[in-house]
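All you need for this note's numbering is the position in the sequence shown, starting with 1, plus 9. Ideal Cβ placement from N, Cα and C applies to all residues, glycine included.
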Amino acid sequence: MMRLSIIIPVYNEEESLELLQEAIGQSLANLPELTWEVIYVDDGSTDNSVAVLEKMAANQPQSIRVVEFRRNFGQTAAIAAGIDYADGEVVILMDADLQNDPADIPKMLQLIEEGYDLVSGWRVKRQDTFITRTLPSRMANWLISTVTGVHLHDYGCTLKAYRREVLVDFRLYGEMHRFIPAFAHSVGAKMVEIPVNHHPRRFGKAKYGLTRTLKVVLDLLTVKFLLSYANKPIYLFGGLGGMLILGSVVTLFALMVRRVFWQISVTQSPFFQIGVMFMILGFQSILMGLIAEMLVRTYHESQHKPTYTIRKVIRSKHTAPDEQENPPLLQ
């Protein structure tokens, strides 16, 4: 029997909540082998959303859990809290504004049962304003796919299904909830993207605008570093330092050639200062990389974090159980 947790961040969506819960119940009514819960995370709503959620939790026959923040912390924090409180082996994220369609949940669960670790929704026929929502989203999707190497059409679609094990090895900050597929891919998650329904907003107004694009770009820089260099920062700092030192050597050598053959002073050229500065910055960058390497090793070894992830272990009947359950950590 599959256990499912549906996590829904809520911010000023009082008109949508009861309709959303009803739609979820209808979409899952024909799955008797499924046990499920809905976790609503109220992100500091200023309307009557909390009162509506409390009423639903008291009167609905389904399992409903309400997590109420003391103030507005943002969608990423709400999703992180929902994951922390979820009990299901499968986690589905969706919005509370009725634009995501709960009718898409069963086909996402079917793909999870077929062996996928992540099923990502793709709003093929998106029902949002083109200039302020759809166009920036398409640009962001292309940029994120290019930088992370994980190619999805719609990173911004909240409706996604995950096996819980691909969500437990990283923490979410800033606006990083949209990068969860990239983090999941880094631990070997098998993923697929499917078209999902998308409805026009019926109540309230959108909570995000063009200003969010800048936050996405800044968070993308962090994500790229974490995915590519978090375990080997010397590759980044050492590579940069090596290029600076190489540039310094080339510059100083050119100045020396000019001095020998054309009697042009070395120290009076501005390129002399540039070459010396590149040399100093190059050595500093390499030293920063070595310090970062020490910090990474301290992080992994002090918390006993392995440098690998395991999907499953297949053993014969003669293998001792502890050999399977406690694989040795890489030293």
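Own chain partners of residue i with C-beta closer than 8 Å, once the 5 adjacent residues on each side are dropped
| i | result |
| --- | --- |
| R180 | A89 |
Span of the beta strand (DSSP E), counted from its first residue to its last, around residue i
| i | result |
| --- | --- |
| K169 | K169 to R172 |
| D51 | L43 to D51 |
| I73 | S72 to E77 |
Residues bridged to residue i (per DSSP)
| i | result |
| --- | --- |
| L127 | Y171 and M200 |
| L102 | I16 and K169 |
| N150 | For N150, which the question treats as bridged, DSSP gives no partner whatsoever. |
| H207 | N109 |
Cβ-based burial, residue i [other Cβ within 10 Å; buried from 16]
| i | result |
| --- | --- |
| R306 | exposed |
| V322 | exposed |
| D93 | exposed |
| K169 | buried |
| G291 | buried |
| A95 | buried |
| F234 | exposed |
| Q84 | buried |
| F192 | buried |
| Q277 | exposed |
| I177 | Position check: residue 177 holds Val in this sequence, whereas Ile was assumed. Looking at its Cβ environment, which holds fewer than 16 other Cβ atoms inside 10 Å, V177 is exposed. |
Opening and closing residue of the alpha helix (DSSP H) in which residue i lies
| i | result |
| --- | --- |
| L13 | Premise fails: L13 lies in the beta strand (DSSP E), M11 to V19, not in any alpha helix (DSSP H). |
| T307 | P279 to S311 |
| G248 | I243 to W271 |
| D93 | Q84 to Y94 |
| Q30 | L26 to L37 |
| P115 | I114 to E122 |
Own chain residues within Cβ distance below 7 Å of residue i, not counting five before or after
| i | result |
| --- | --- |
| I114 | S36, L37 and I101 |
| E77 | D51 and V59 |
| E202 | S129, W131, L161 and H162 |
Other residues of its chain near residue i: CB distance less than 6 Å, five sequence neighbours each side excluded
| i | result |
| --- | --- |
| L144 | none |
| Y164 | N150, I153 and R187 |
| F287 | L253, G256 and S257 |
| P336 | With a pLDDT of only 46 at P336, under the threshold of 50, the placement of this residue in the model should not be trusted; the figure read from the coordinates follows. Answer for P336: no residue qualifies. |
| M117 | V128 and A170 |
Residue-level contact to chain B via CB, residue i, 7 Å cutoff
| i | result |
| --- | --- |
| V322 | This model lacks chain B altogether; it includes just one protein chain. |
Original post:
Using 8 Å as the Cβ pair cut-off and three pairs as the minimum, do the stretch 44–55 and the stretch 124–143 touch?
Top reply: Not touching, per the Cβ criterion.
**OP:** Would you check if the stretch 19–34 and the stretch 56–75 touch, i.e. whether three or more CB-CB distances between them fall below 8 Å?
**Re:** Inter-segment contact for the stretch 56–75 and the stretch 19–34 is present: three or more beta-carbon pairs are separated by less than 8 Å.
Original post:
Is the stretch 306–321 close to the stretch 258–269, with three or more CB pairs under 8 Å?
Top reply: Verdict: no, contact absent.
Subject >> At least three beta-carbon pairs within less than 8 Å, the stretch 231–251 to the stretch 263–273 >> reply: Flag = no, the stretch 231–251 and the stretch 263–273 do not touch.
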